Every structure is written in structure tokens, then in C-alpha cells.
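Just so we're aligned, residue 446 is where the sequence shown starts under this note's numbering, counting upward by one.
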Amino acid sequence: MSVFDLSSRTVLVTGATSGIGFETARQLAERGATVLVHGRTAEDAQAATDKLIATAGIDAAQLCGFAADFTRLEEVEAMARRVVAEHPHLDVLVNNAGTAAPERHTLTADGNEIAFQVNFLAHYLLTCLLEPALTMGSPLFERSRELGEDPGGRVVNVSSSLHRTASIQWSDPQRARRYSRLAAYAQSQLALTVFATDPRVTAVSVHPGICDTDLLSLYAISGASAAEGAAHVVRLCDPATEIVNGAYYDRDQRVEPAQAATEERTVKRLTKLADQLVGHSV
């Protein structure tokens, strides 16, 4: 994979303290990007930035830590406000943070099934709140729009091939009546993939491959390195990589997602549901 320069780009990576998120942050920073490193706590984010500086030789000036526990939507809102205040123009948002659904049905303090909230709802809310920074925040916005070019930033959703096995339980999205950890996780990944076709921002989804991360047990007993998976995410952060809004990639190949992921009715229905669950009107 060719090395491209991202020295003028600012990228927020959620779940950047380990696994694919950490490797994505490292590869972006090595290419010169300013990387906003998200962790569940401020201590986690600081530890990740310290590690990037110590082990990868990243300039501390390129890194900035942000904290939000995605099981608490109020923390997501607070982080979004800080990002917009400190970085009014954001080139890329990488929605990477994820959790495996637990064995037992678990609700967050906001009343949502934990995997659905951490993997999808928190990212939905964060993306909606960062929309001004991803679009209108660019000083080149008007000029780009006049030229018919994509003026804003882009969103890269780190999804999963397991979205193909999923269905969104519209009457019971919290899966209180019939819970399966694999079905709950797959539902969250389908929702994230559907969200990429939302027309408000330019977004794509990518399955980075089966990688040796904390989520490996959901897929197999062995996988590629987190760095290999991250490379597929980083490629989509490069403005030279042309993307189509709503496209889905399996590693470096654009493929068709599950049929539900491209249905306009499903997109509208999911938007309505998500707005209700996050208590946010967009």
C-alpha cells in the first residue's frame, strides 16, 4: 500500500486506545495527520497518546486526547461539543469504537441494549453533532460547492461482515424479549452500515477483515494483525481515495452490503428510531 501525506488533515478516531483503533491512529499520525484520540476515560486516551509518542515516534503536537464513555450519551454530547469548539473543521471521523455484546442482556444508563448503544447509537449521535465540523466548518466549503466538488469531510464506519446475518428488531430494538449476544452484536453492525447511507454526511462502511483484537472470539480463533485491518480503514481516510456515499468495503474491495443497508425506507426508519433513542432531533 502506498504511503500518502495527510499532514493537512484532522481525524477523530473513536476507540483509539487498542486494537484497530490504536493502529488506525498510529498510521494516520505517521502520515502527518492531526489525530484526535478517543478513549473511554481521559486516562485511557492519555495512555494511548503516550504510547504513540513513545513507540511510534509521533510528534506530541499531532495528538489530542478526548474522552467519552459510550455507555453514557451525555458524555458523547460533551465530547462532541469540545471537538467542535477546538477543531471547527474536521476532515474525517472514524467510527471505530466497539464492544462485543455480553452473555446476559444488559442495558445502559440511557436504557439501551449496550452493544446497540456503544456500536451504533453513540456513533450516530456523535456524527450528527459533528456534522457542522464535517461540512460547513471548511473555509473551502463555498468554493468547493461552486466547483461541484465534495466540500466536506467524510465518515468511515468500521463495520463487520456479520451485519449480513442481522435484522433490526423494530418492535424490540433493545432485544428484551429474545436476547442473543451474537444477534445483538450483528444488529448493531447492520445499523452502523445502514447509517453510512444517510445523506447528511459523506460516509462509507468497511469490514477490516477478521483481526486479532478483543472481538476475535465473535468470528474465529485466529485473524490478521490489527495493523493490517487498520490499513483498510486508513486508505478510506485519504482524500485521494474516491468514495461513493453509502458504499461498503470488505477490506480494500467495494462490495454490495446486505440488501437492507441500501433500502431508503430502512434508512428513514432507522433515523427515526435513533433520534428517539438518543433524545436528539436532527
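All C-beta atoms in this analysis are idealised placements derived from N, C-alpha and C, irrespective of residue type, glycine included. The model shown is predicted, which means the values in this text are computed figures rather than measured ones.
* What does a CB cutoff of less than 8 Å around M524 pick up in its chain, not counting 5 residues either side in sequence? -> The answer, listed in chain order, is H483, F511, A512, A513 and L571.
* Asked: From what residue to what residue does the beta strand (DSSP E) around H534 run?
  -> No beta strand (DSSP E) holds H534; DSSP gives it neither H nor E.
* To do: Would you decide whether K717 is buried or exposed? Buried here means 16 or more other CB atoms lie within 10 Å of its CB.
  => Flag for K717 reads exposed.
* Asked: How is the beta strand (DSSP E) around L574 delimited, first residue to last?
  -> Counting along the chain, L574 falls outside any beta strand (DSSP E), though it belongs to the alpha helix (DSSP H) covering A567 to L579.
* Asked: Which partner residues of H652 appear in the DSSP bridge assignment?
  -> H652 is bridged to D695.
* **Segment contact, 8 Å Cβ cut-off, at least three pairs: the segment 485 to 494 with the segment 683 to 699** => By the criterion of at least three beta-carbon pairs nearer than 8 Å, the segment 485 to 494 is not in contact with the segment 683 to 699.
* To do: Locate the alpha helix (DSSP H) running through T486, then write down its first and last residues.
  => Judged by DSSP secondary structure, T486 falls outside any alpha helix (DSSP H); it is assigned neither H nor E.
* Secondary structure at A492, three-state DSSP: helix, strand or coil? -> The three-state reading of DSSP puts A492 in helix, counting H, G and I together.
* **R549 to Y624 span [Cα, whole Å]** => Distance between the alpha carbons of R549 and Y624: 8 Å.
* Asked: In whole angstroms, what is the alpha-carbon distance linking E591 and E576?
  -> Residue placement at E591 is poorly supported in this model, since its pLDDT is 44, which falls under 50; the coordinates are not used for a value here.
* **Inter-residue spacing [alpha-carbon to alpha-carbon] between G598 and P533** => Pairing G598 with P533, the inter-Cα distance amounts to about 12 Å.
* CA-to-CA distance, S612 to A648, given in whole angstroms -> Distance between the alpha carbons of A648 and S612: 21 Å.
* **Beta-carbon proximity of T494 to R454, cut-off 9 Å** => No, these two residues do not count as a Cβ contact at 9 Å.
* Asked: Between E621 and L538, what straight-line distance do the alpha-carbon atoms span, to the nearest angstrom?
  -> One point to set straight first is that residue 621 is Ala, not Glu, in the sequence displayed. Spanning the two alpha carbons is a distance of roughly 31 Å.
* Over what stretch of residues does the alpha helix (DSSP H) that includes G674 continue unbroken? -> From DSSP, the alpha helix (DSSP H) with G674 extends over A671 to C682.
* Within 9 Å, strictly: CB atoms of S604 and H652 -> Cβ distance < 9 Å, so S604 and H652 count as in contact.
* **Own chain partners of A705 with C-beta closer than 6 Å, once the 5 adjacent residues on each side are dropped** => Excluding residues within five positions, the ones whose Cβ falls inside 6 Å are T711.
* Asked: Which residue or residues does DSSP assign as beta-bridge partners of T455?
  -> The partner list for T455 (beta bridge, DSSP) reads T479.
* Taking Cβ to Cβ, would you say L722 is nearer than 9 Å to D504? -> No.
* Thinking just about the alpha-carbon of each residue, which of F640, A703 and D697 is nearest to the one in G691? -> Taking only the C-alpha atoms, the option nearest G691 is F640.
* Express the C-alpha separation of Q634 and H568 in angstroms, rounding to a whole number. => A direct Cα-Cα distance of roughly 11 Å separates H568 from Q634.
* Asked: Can you tell me the Cα-Cα spacing of A675 and Q632, whole angstroms?
  -> The C-alpha of A675 lies about 23 Å from the C-alpha of Q632.
* To do: From the DSSP output, in three-state form, read off V528 for me.
  => Looking at V528 - three-state DSSP - the assignment turns out to be helix.
* To do: Please work out which residues of its chain come closer than 7 Å, Cβ to Cβ, to N564, disregarding the five sequence neighbours upstream and downstream, and give them in chain order.
  => In its chain, beyond the 5 residues on either side, G543, T544, S633, Q634 and L637 have a beta carbon closer than 7 Å to the beta carbon of N564.
* Cα separation between L535 and S463? -> So the alpha carbons of these two residues sit roughly 22 Å apart.
* Since V639 is in the alpha helix (DSSP H), which residue starts that stretch and which ends it? -> V639: member of the alpha helix (DSSP H) spanning R626 to F640, first to last residue.
* To the nearest angstrom, report how far apart R517 and L552 are at their CA atoms. => Roughly 11 Å between the two C-alpha positions.
* V563 in three-state terms, based on DSSP -> Judged by DSSP in its simplified three-state form, V563 adopts helix.
* Use the C-beta contact count for A703: other C-beta atoms within 10 angstroms, 16 or more gives buried, fewer gives exposed. => With 16 or more other Cβ atoms inside 10 Å of its own Cβ, A703 counts as buried.
* **Nearest residue (CA-CA) to Q425, options P618, G477 and L508** => For residue 425 there is no data in the structure shown, the boundaries of the chain being 446 and 727.
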